[in-house]
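Heads up, the thing below is written out as structure tokens.
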Amino acid sequence: MKKVTHPCFMVTLVRRFSVVTLLELTFVATLTPWLRSRFTQRSGVVKSSTSSGDTVEHLSEESFVNQELYCSESYSKDIFQVLNEFWKSSMLTDLTLVKSCGLMVNFFSLSPVHKVILAASSDYFRGMFTCGMRESRQTQVALHFQLASELDVLIGCSYDGMIPLSWDSVFEISCTALQLQFQQALSLCLRFMRENIEVTSCLDVASFAEAYCMFELLEETNDFILRNFLEVSETAKFQDLTAEKLLELIRRDGLCVPTELAVFRAVYSWIETDPKERLGHAGVLMTGVRFPLMTFREFREVRAINMRMECFGNDEVQVELYGSALKEFGFQDKINRVRHPKDVLAVVGGDRLSPDRGHCVASRDVWFANSLHSCTGLMKEMEWKRLGEMPDKPRFRHGVATMTGRLYVVGGCYFYTKDDIMKSAYSYDPIQNCWKRLADMLQFRSNFSVVAHEARLYAIGGDKEINTNIDSVEMYIPETDSWSYVHPLPEVLSGHGVNVTNAGIFISGGFNSKYECLPSVFLYDPTRGGTYLADMASDRALHCMEALQGRLYVAGGVCNLKKFYTDQQACEVYDPGANAWTMVASLPVPHVGAASAVLEGKIYILGGYSQDGYTETRLIHRFDPCTLRWQNMGTLPGAITDIRACLLRLPQHLRF
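Residues in the sequence shown are numbered from -11 upward in steps of one, following the numbering used here.
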């Protein structure tokens, strides 16, 4: 008798025992029922006889007491690699697939396969081979109207778990995977669609998802279409939409467009593609256009386009849209909901003021402004919705930025001692609604700035501990999940303002090494350092800095007052062409340590506190560069001071 010890099961097999193939050992079960029944006996070593008279020794469960189980981590990978080699060399195969077209039967140009592999990877073949069907006893199985190229890809995926995909093939392969119930291959196809969706393919994905009742994929795809409607409406596939589908899209509140005129133009473009067939749908489609949201200048274009559409008409189809549109534009008998912004305004973390800092609790919350208006001409407070919480500890005086659709949260403090400054970093993917831990920064930082520039993140200056600021700058590369030092700042800085334009990274004000507020401004290059520009009219730190229409705006913060600080409410705008600063309207109230962002062409300043009164500023103010005025937009929902804000694109199901 020859003893063979299996790495996991320690089974002793005998010579002349009936042959069991590697495939059967791998896929039928971990142990055969015959062996399993003998392992469940509770005496020490049990001897059994085979039909040939040979004896098999096996172990009871009691024999495994005080023993460790060792398993190979690469076991499955190694086994499947061998099975893949078997398939490619037609070794131990037991099935050939053939193509059947009515009475005609033709062989596929496929290698023979293993039944057990097909049964393990496809519910269709599992049912065929394990439920007593006649195919389970055949060496050839006929498939109706399947393409050899697609089936070959799916069979290959069954052996190695990989599948080559492109937009030219993914829908055909997905349909075949659905028909033959290759679930793992189908999951890879759907993953490809989600991760690679773009404006030229999203409508095809939506049609596929709707045809096969994949409602989750359809919802995600519709979110993408609504968020990128302007770009999608310019594609050739947009012209192939049905009138019903187009109307469904333009009636959505979540449609992201810069102006309602863009919706009208998209509808007109669709009609213009085939005016003879589509002009009759014009009246119904125009009910999805919210004319009261247009300006008078935009509405004049509606009149001009209406005249062109009248030229398309004939005796059977008369088009008179301008009169009804004008009635809707001038008389608002019903509330017209404004489209939600393409990007939402998100606020992250922050703190609250308290005379006793020992009772302060920083925030982990992430909030976003879901909408800004209720109807035309009637502004209301911003509507806030809680998105969730940051992982790890709460934080304030941190840095945030968005890049490639993801939110990045870096550094900051979670309390007020020297050991409470952080260097951890996280990213949030709104599509997957999940957080990911990233590599830590090389340096602890608070009161610093993070910006995205040329597909890289830059963490600039800040305090490495209380009353100790630094001049170092770190660059984060997402592809390698790594931070590295780049050229330092011209001087140590914290509490400074940073923003990015086409010209590069601009840095203004902040505290120097003596914690004096600075009026200086410079253009920073990660490879060469800083180039100083014209000073601001006023020194400031803990202020906001935003770029809008090619100019830089600074607002809020504190300024020097002998040996102390006082509120800085003055606001300035920088013209890069003239290298000069100009004063604009001052803030109505102090905003020190506030957050800021630019949304739909306007600057938002959120929260902060008053240095003079040591009171929180819950208010949100919005600056309109056209009117040069500040407007009150309501209050913040959570933390007030040392918060950070950015723009973020959210899927529709998270926004409503």
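Built from N, CA and C at the ideal position, the CB exists for glycine as well.
Asked	Found
Cβ-based neighbour list, Ala558, same chain, cut-off 7 Å, excluding 5 preceding and 5 following	Ser526, Met571, Ser574
Residue nearest to Ser577 in terms of C-alpha spacing, selected from Phe284, Ile454, Arg617, Asp555	The amino acid at residue 577 is misidentified as Ser; the sequence shows Val. Answer by Cα proximity: Asp555.
Arg240 vs Leu214 beta-carbon contact at 9 Å	yes
Cβ-Cβ separation, Val86 to Ala130 (assumed contact under 8 Å), whole Å	5 Å
Segment limits, alpha helix (DSSP H) that includes Gln128	Where Gln128 is concerned, there is no enclosing alpha helix (DSSP H), although the beta strand (DSSP E) it sits in stretches over 128 to 132.
Cβ pair count under 8 Å reaching 3, the stretch 203 to 214 against the stretch 246 to 261	no
Residues that DSSP places opposite Asp612 in a beta bridge	Arg617
Span of the alpha helix (DSSP H) around Asp192	190 to 199
Range of the contiguous alpha helix (DSSP H) that encloses Cys163	158 to 168
Contacting residues, own chain, Cβ-Cβ under 6 Å from Val75 (five flanking each side not counted)	For the sequence presented, residue 75 should be read as Trp rather than Val. The residues are Tyr147.
Touch test, the stretch 532 to 546 against the stretch 483 to 491, Cβ-Cβ under 8 Å, three pairs minimum	yes
Endpoints, beta strand (DSSP E) assigned at Met282	First-last for Met282: undefined, no H or E at that position.
Residues sharing a beta bridge with Val536, DSSP	It should be noted that the sequence gives Leu, not Val, for residue 536. Leu536 pairs with Arg539.
Chain-order list of residues whose beta-carbon lies under 6 Å from that of Lys103 (same chain, five-residue window excluded)	Asp82, Leu83, Phe117
Own chain, CB closer than 6 Å to Glu579, minus 5 neighbours either side, in chain order	Before going further, note that residue 579 is His rather than Glu in the sequence given. Hits under 6 Å: Gly544, Ile593, Gly596, Thr605.
Test item: CB-CB of Ser501 and Val480 under 9 Å	yes
Inter-residue CB distance, Lys452 and Ile409 (contact presumed, cutoff 8 Å)	7 Å
Extent of the continuous beta strand (DSSP E) run through Ser496	492 to 496
Closest by C-alpha distance to Phe384, when choosing among Tyr416, Lys373, Trp355, Val349	Val349
Check whether Lys332 and Leu624 have beta carbons under 9 Å apart	The sequence as given places Val at residue 332; Lys does not occur at that position. Their beta carbons are not under 9 Å apart, which means Val332 does not touch Leu624 by this criterion.
For Lys76, three-class secondary structure by DSSP	helix
Run of the beta strand (DSSP E) containing Tyr446, from where it starts to where it stops	444 to 448
N- and C-terminal bounds of the beta strand (DSSP E) containing Tyr520	517 to 520
Ser78 to Pro100 span [Cα, whole Å]	6 Å
Glu504 in three-state terms, based on DSSP	coil
Bridge-paired residues (DSSP) for Leu85	Val129
Cα-Cα separation, Arg340 to Tyr602	11 Å
Among Lys233, Phe287, Ala357, Asn54, the one whose alpha carbon lies nearest that of His269	Lys233
Residue of Asp600, Asn567, Leu540 minimising C-alpha distance to Gly589	Leu540
Status (buried if at least 16 other CB within 10 Å, exposed otherwise) for Thr9	Any reading at Thr9 must be qualified, since the residue scores a pLDDT of 42, below 50, and its modelled position is unreliable; no value is offered.
Whole-number beta carbon distance between Val251 and Ile259, since they are thought to touch under 8 Å	About 13 Å; that fails the 8 Å criterion.
Of the residues Tyr414, Gln172, Ser189, the one placed nearest Glu222, counting alpha carbons only	Ser189
One or two residues paired with Ala583 in a DSSP bridge	Leu594
Per-residue DSSP class, three states only, for Val572	strand
Own chain partners of Arg643 with C-beta closer than 7 Å, once the 5 adjacent residues on each side are dropped	Gly242, His328, Val332, Asn358
Secondary structure of Ile628, DSSP reduced to three states	coil
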